[in-house]
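Step one of this worksheet: look at the structure below.
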Amino acid sequence: MESKRYKWTRRAIGIVSLLLVAATVIFGLWITPPDVVQGQLVRLIYVHPPVAWVAYLAYGITSIASTLYLWKRTRNMKWDLLAASSAEVGVIFTALTLVTGSIWGRPAWGVWWTWDARLTTTALLFVLYLGYLALRRVPATSHQRAVRSAIAGLIAFVDVPIVHQSVVWWRTLHQGATVLNPSLSPKIHGEMAMTLLLGFISFTFVYAWMLMHRYQIAGFEQKILDIELDQILEERLHEPGMESMQVELSPDVEQIDRHSKV
Amino acid sequence: MWRDALLMAGKDLRIEFRSKVTLNQILPFAFVTLIVFAFALDTSPGTLQKVAPGLFWLAVLFSSIFSVDRAVAIETNDNAGDGLAVYGVDSGGIFLGKVTSVFVQLFLLEAVLLVGVVILYGPAIDGWPLVLLSAFFATVGISAAGVMYSQLASGSRAKQTLLPLLLIPVTSPVLLAATKSWQDAFSSTASLGDPWLRLLIVFSVVYLALGAVFYGSILEA
Amino acid sequence: MQSLVSFKKVIVVSGNFPILTGLDFETGPGEVVLVKGRNGAGKTSFLRAVAGLLRITKGSALVLGVDLISNPADARHRVGLLGHETFLYEDLTAKENVTFVLKATRSNISKVDAALSAVGLTGRLSDLRVSSMSAGQRKKVALAALLAREPELWLLDEPHAALDSWTREVLDTAINSSVANGATVLLVSHEPLHGSLMPTRVVELAGGKVITDTRDIKPVVAEKVPL
Amino acid sequence: MNGYVEAGYLAVLGVLGGYSALLLGRSKKLKKVLLPVQGKKAQDESRPTE
Numbered sequence: 001m002e003s004k005r006y007k008w009t010r011r012a013i014g015i016v017s018l019l020l021v022a023a024t025v026i027f028g029l030w031i032t033p034p035d036v037v038q039g040q041l042v043r044l045i046y047v048h049p050p051v052a053w054v055a056y057l058a059y060g061i062t063s064i065a066s067t068l069y070l071w072k073r074t075r076n077m078k079w080d081l082l083a084a085s086s087a088e089v090g091v092i093f094t095a096l097t098l099v100t101g102s103i104w105g106r107p108a109w110g111v112w113w114t115w116d117a118r119l120t121t122t123a124l125l126f127v128l129y130l131g132y133l134a135l136r137r138v139p140a141t142s143h144q145r146a147v148r149s150a151i152a153g154l155i156a157f158v159d160v161p162i163v164h165q166s167v168v169w170w171r172t173l174h175q176g177a178t179v180l181n182p183s184l185s186p187k188i189h190g191e192m193a194m195t196l197l198l199g200f201i202s203f204t205f206v207y208a209w210m211l212m213h214r215y216q217i218a219g220f221e222q223k224i225l226d227i228e229l230d231q232i233l234e235e236r237l238h239e240p241g242m243e244s245m246q247v248e249l250s251p252d253v254e255q256i257d258r259h260s261k262v
Numbered sequence: 001m002w003r004d005a006l007l008m009a010g011k012d013l014r015i016e017f018r019s020k021v022t023l024n025q026i027l028p029f030a031f032v033t034l035i036v037f038a039f040a041l042d043t044s045p046g047t048l049q050k051v052a053p054g055l056f057w058l059a060v061l062f063s064s065i066f067s068v069d070r071a072v073a074i075e076t077n078d079n080a081g082d083g084l085a086v087y088g089v090d091s092g093g094i095f096l097g098k099v100t101s102v103f104v105q106l107f108l109l110e111a112v113l114l115v116g117v118v119i120l121y122g123p124a125i126d127g128w129p130l131v132l133l134s135a136f137f138a139t140v141g142i143s144a145a146g147v148m149y150s151q152l153a154s155g156s157r158a159k160q161t162l163l164p165l166l167l168i169p170v171t172s173p174v175l176l177a178a179t180k181s182w183q184d185a186f187s188s189t190a191s192l193g194d195p196w197l198r199l200l201i202v203f204s205v206v207y208l209a210l211g212a213v214f215y216g217s218i219l220e221a
Numbered sequence: 001m002q003s004l005v006s007f008k009k010v011i012v013v014s015g016n017f018p019i020l021t022g023l024d025f026e027t028g029p030g031e032v033v034l035v036k037g038r039n040g041a042g043k044t045s046f047l048r049a050v051a052g053l054l055r056i057t058k059g060s061a062l063v064l065g066v067d068l069i070s071n072p073a074d075a076r077h078r079v080g081l082l083g084h085e086t087f088l089y090e091d092l093t094a095k096e097n098v099t100f101v102l103k104a105t106r107s108n109i110s111k112v113d114a115a116l117s118a119v120g121l122t123g124r125l126s127d128l129r130v131s132s133m134s135a136g137q138r139k140k141v142a143l144a145a146l147l148a149r150e151p152e153l154w155l156l157d158e159p160h161a162a163l164d165s166w167t168r169e170v171l172d173t174a175i176n177s178s179v180a181n182g183a184t185v186l187l188v189s190h191e192p193l194h195g196s197l198m199p200t201r202v203v204e205l206a207g208g209k210v211i212t213d214t215r216d217i218k219p220v221v222a223e224k225v226p227l
Numbered sequence: 001m002n003g004y005v006e007a008g009y010l011a012v013l014g015v016l017g018g019y020s021a022l023l024l025g026r027s028k029k030l031k032k033v034l035l036p037v038q039g040k041k042a043q044d045e046s047r048p049t050e
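Chains as they are written, first to last, in the numbering used here: chain E, 1 to 262; chain B, 1 to 221; chain Y, 1 to 227; chain R, 1 to 50.
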């Protein structure tokens, strides 16, 4: 049901990500020194930018997979499932980006939220992909759902630069530069740079592991649907002229529809 | 495609003219929002004048949800959409026709609404060319994105809640850009080189192109 | 024999339910095929699949020489479908609806009045909005559009339902004359066929595929199909 | 340290851990559903796929 290689790769990635995250936490919280300007707060830099990077990476993968589904020559259900899986993981990481950003912002600037271009864009991105996931829950045939969500996923991605540009103008045209930029470029200590890099790598590994797992679950759900479909097909084929096979009203259809919400 | 677009736009506008949903329901709704916005905010003339462009475009954005929903619902009644498929109407034409019809309705709604804003909130308008051009492209953008998302969300039992969830974040740059360019136009710093106008043009072109390309796939799926 | 419709092992899955389960069917020009079967046997879906409105999951399907798998849309405008839905716009009049259909199919719009009067919608009736019409009248409007279009392949799903006997005869005559000109008719009907319309072939569906196929039936086969 | 740093790390680890647990649970549940049917499917290979 799943290839041995896939399983072992996933396990290896899982173990590596656990170790990497543990290392990031240890380095981030205890080994690296506090910053001259930001003090202890600098420790959040080892998680916040990496988490944000993973969110964008996830949406990038969703867009590529969506494009591959929409393009007829590479059309395959797998791309749809991959796009969906990546988007779901992406939403988790976007939420974390917003939360960690907020936690950082409160002591650094005295507010939980600022209408900075980056923050505002990320918040809209979060809502856009929540919409994408909501659209996927609409009952439809798998092809229908795949096409619709691929288009929505692609549009959401196209929308990001437009949203970003508009928010940048919105802020810069009326009140100076953004707040985040200066704090993002402190003079970085060698040890700190290393830990930041470690953060990027470890969260990317976590993403890979989650994506593989989520994708496999999507595959299982698809397989269960296929099997159920085969069973109904069998029934229809072996009992010709059978009554109560009403296409519109069959309780079977209702039941299967519920499963189709990946 | 253009021929089908014209045919569809003519048909949709005729249906709209007959049923008068925009006139009898959507326009009053937009006015109600203008009034309750004033309740929610300070009614001192300074405040309302300052936020007038934002409230105007917010009212338009909310109203547009009903317009685009209706534009798609016309084809789901009695499965007329299947009919269009059987007649061999070009999907890009269907899209452009629906966008045109929604555009015309929204543009007329905006004209009436603008009078309302001037009377209720009392802003002074200087840069008319910018006001008109921004409104034109903003409305094209909202109509194009709206028709597309309305079609995406159709067939869902939760359509009424799904459509705003999808549409409002996507059209947020339009809300922002239209508001800002109107603020410029109202405050006599108006020039047609306004960056917000450029953003509105970019948005409307992108969404018209996306719709013309993908609308067929949404219908076929 | 040149084939107008050629379905081989066609499977159609909709909403994860197999509505057609390996259907084989072939027909040439000039045939009147009566499609029968119990409720849910897949009759309506069969017609919709031929019209190119259902995505074919598996198998091969040719309609009027067009491959439905690669170009589901290309044969549609040559096919006339009259089903449970009439595809009419409520807020338009009968005449406007028919005119719209003819413009959309790039047909000659000069036939509008003739087609409407052929089904008995003349004078003020033709300027009445569809929303104020009865089910039978709506069907007449749809029928008028079909008559004016003169499709090569007629797909009629319970066409006689809700029609008065006079309009039934109009429909039957129209079908017969277009079949004489080489058109083919696929007709789903629960009711016994009487009058001038004689099927040349009876196909029975069950469980989403063809189970019996009777050709060259000259006498009246139209016995009542159990509901 | 200062409360905020801990909160940030806790949020990240908590959410990621929770989501991972959710994934593992779902995958386990689905495998249970799939296993019995899987054996039956191996008998007839002539199943149509999309």
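Beta carbons are placed, not taken as given, at the ideal position from N, Cα and C, and that holds for glycine.
Quick caveat: nothing in here was measured; it's all calculated off a predicted structure.
Check your understanding: Counting contacts by CB-CB distance shorter than 8 Å, is residue 155 of chain B in contact with chain E?
Key -> Yes, residue 155 of chain B counts as interfacial toward chain E.
Check your understanding: Are the beta-carbon atoms belonging to residue 186 of chain Y and residue 155 of chain Y less than 8 Å from one another?
Key -> Against a cut-off of 8 Å, the Cβ pair of residue 155 of chain Y and residue 186 of chain Y comes out as a contact.
Review point. Taking only beta-carbon atoms, is residue 86 of chain E less than 8 Å away from chain B?
Key: Taking Cβ atoms only, chain B never reaches closer than 8 Å to residue 86 of chain E, which makes this a no.
Practice item. Consult DSSP for residue 179 of chain E and reduce its assignment to one of helix, strand or coil. Key: Confidence in residue 179 of chain E is poor, its pLDDT being 41 and thus under 50, which makes the residue's placement unreliable; the coordinate value appears in the next sentence. Residue 179 of chain E falls in the coil class under three-state DSSP.
Review point. Comparing the C-beta of residue 10 of chain Y with each C-beta of chain E, is any distance below 8 Å?
Key: The Cβ of residue 10 of chain Y sits no closer than 8 Å to any Cβ of chain E.
Check your understanding: Roughly how many angstroms separate the alpha carbons of residue 17 of chain E and residue 62 of chain E, rounded to a whole number?
Key -> Rounded to the nearest whole angstrom, the CA to CA distance from residue 17 of chain E to residue 62 of chain E is 22 Å.
Point to revise | Residue interval of the alpha helix (DSSP H) (run including residue 44 of chain B) | key: For residue 44 of chain B, no alpha helix (DSSP H) run applies, since DSSP gives it neither H nor E.
Review point. Looking only at DSSP bridge pairs, what is residue 218 of chain B linked to?
Key: Residue 218 of chain B is not bridged by DSSP to any residue.
Review point. Where does residue 197 of chain Y fall in DSSP's three states?
Key: In this structure, residue 197 of chain Y counts as coil in the three-state DSSP scheme.
Practice item. May I ask you to list, following chain order, the residues of the region 103-133 of chain E that have a beta carbon less than 8 Å from some beta carbon of chain R? Key: Cβ contacts with chain R come from 103, 104, 106, 107.
Exercise for review: Compare the C-beta of residue 232 of chain E against all C-beta atoms of chain Y and say whether one is closer than 8 Å.
Suggested key: Any Cβ of chain Y closer than 8 Å to the Cβ of residue 232 of chain E would place that residue at the interface, and such an atom is present.
Exercise for review: Tell me, please, whether the CB atom of residue 40 of chain E is closer than 8 Å to any CB atom in chain R?
Suggested key: Interface residue, yes.
Review point. Do residue 228 of chain Y and residue 105 of chain Y have their CB atoms nearer than 8 Å?
Key: The first residue shown for chain Y is 1 and the last is 227, placing residue 228 of chain Y beyond what the model contains.
Check your understanding: What are the uninterrupted segments assigned as alpha helix (DSSP H) that are 4 or more residues long and contained completely in the region 78-121 of chain Y, given in chain order?
Key -> You should have 94-104, 112-118.
Review point. In chain order, what residues of the region 136-155 of chain E put their CB closer than 7 Å to some CB of chain B?
Key: Those would be 138, 140, 143, 144, 147, 148, 151, 152, 155, in chain order.
**Study point:** 8 Å Cβ cutoff, residue 125 of chain Y in contact with chain D
**Key:** Reference to chain D is not applicable here, since the protein chains of this structure are E, B, Y and R.
Review point. Name the chain Y residues that come within less than 7 Å of residue 266 of chain E, Cβ to Cβ?
Key: Missing from the structure shown is residue 266 of chain E; chain E here goes from 1 to 262 and no further.
**Study point:** residue 26 of chain Y, enclosing alpha helix (DSSP H) - first and last residue
**Key:** Run containing residue 26 of chain Y: none in the alpha helix (DSSP H); it sits in the beta strand (DSSP E), 17-27.
**Study point:** residue 215 of chain Y burial status per 10 Å Cβ neighbour count (16 or more: buried)
**Key:** Exposed: under 16 other Cβ atoms inside 10 Å.
**Study point:** Member of E:194, E:214, E:232, E:228 whose CA lies at the smallest distance from the CA of residue 25 of chain R
**Key:** The residue among E:194, E:214, E:232, E:228 with its C-alpha nearest the C-alpha of residue 25 of chain R is E:214.
**Study point:** Buried versus exposed, by CB contacts within 10 Å (16 or more), residue 157 of chain Y
**Key:** Counting Cβ neighbours within 10 Å, residue 157 of chain Y comes out buried, since at least 16 surround it.
Check your understanding: With burial defined as no fewer than 16 other Cβ atoms inside 10 Å of the residue's Cβ, what is the status of residue 22 of chain E: buried or exposed?
Key -> Answer is exposed; the Cβ neighbour count stays below 16.
Practice item. Ignore the nearest five residues each way along the sequence and tell me which others in residue 153 of chain B's own chain have a CB closer than 8 Å to its CB. Key: Closer than 8 Å at the Cβ level, and outside the excluded window around residue 153 of chain B, lie 159, 162, 163, 166.
Review point. Which runs of the beta strand (DSSP E), 3 residues or longer, sit entirely within the region 49-77 of chain Y?
Key: Runs found: 58-63.
Review point. Which residues in chain R sit within 7 Å of residue 217 of chain E, going by Cβ to Cβ distance?
Key: What residue 217 of chain E touches in chain R: 23, 26, 27, 30.
**Study point:** Stretch pair the region 69-81 of chain E + the region 121-131 of chain E: three plus CB contacts closer than 8 Å
**Key:** The answer is no - the region 121-131 of chain E does not touch the region 69-81 of chain E, with fewer than three Cβ pairs under 8 Å.
Check your understanding: Quick one: what's got a C-beta closer than 8 Å to residue 81 of chain E's C-beta in the same chain, skipping five residues either side?
Key -> Closer than 8 Å at the Cβ level, and outside the excluded window around residue 81 of chain E, lie 215, 218, 219, 222, 262.
**Study point:** Range of the contiguous beta strand (DSSP E) that encloses residue 155 of chain Y
**Key:** Run containing residue 155 of chain Y: 153-157, per the beta strand (DSSP E) assignment.
Point to revise | With 16 other Cβ atoms within 10 Å as the buried cut-off, status of residue 214 of chain B | key: With a threshold of 16 other beta carbon atoms within 10 Å, residue 214 of chain B meets it and is buried.
Check your understanding: Nearest chain Y C-beta to residue 201 of chain B closer than 8 Å, yes or no?
Key -> Chain Y contact via Cβ: absent.
Point to revise | Near-chain Y residues of the region 57-82 of chain B - C-beta to any C-beta below 8 Å | key: When C-beta distances to chain Y are compared with 8 Å, the residues of the region 57-82 of chain B below that value are 74, 77, 78, 79, 80, 82, in chain order.
Point to revise | Selected residue, minimal CA-CA separation from residue 197 of chain E, among E:39, E:42, E:15, E:46 | key: That would be E:46, whose Cα lies nearest to the Cα of residue 197 of chain E.
Practice item. Ignoring anything shorter than 4 residues or poking outside the region 118-163 of chain B, list the alpha helix (DSSP H) runs there in chain order. Key: Correct list: 128-153.
Point to revise | Alpha-carbon to alpha-carbon, residue 50 of chain E and residue 12 of chain R | key: Put simply, the backbone Cα of residue 12 of chain R is about 11 Å away from that of residue 50 of chain E.
Exercise for review: Using beta-carbon positions only, say whether residue 233 of chain Y and residue 199 of chain Y come within less than 8 Å of one another.
Suggested key: In this structure chain Y extends from 1 to 227, so residue 233 of chain Y is not present and cannot be described.
Exercise for review: Give the single residue among B:201, B:97, B:51 whose Cα lies nearest to the Cα of residue 186 of chain B.
Suggested key: Nearest C-alpha to residue 186 of chain B: B:51.
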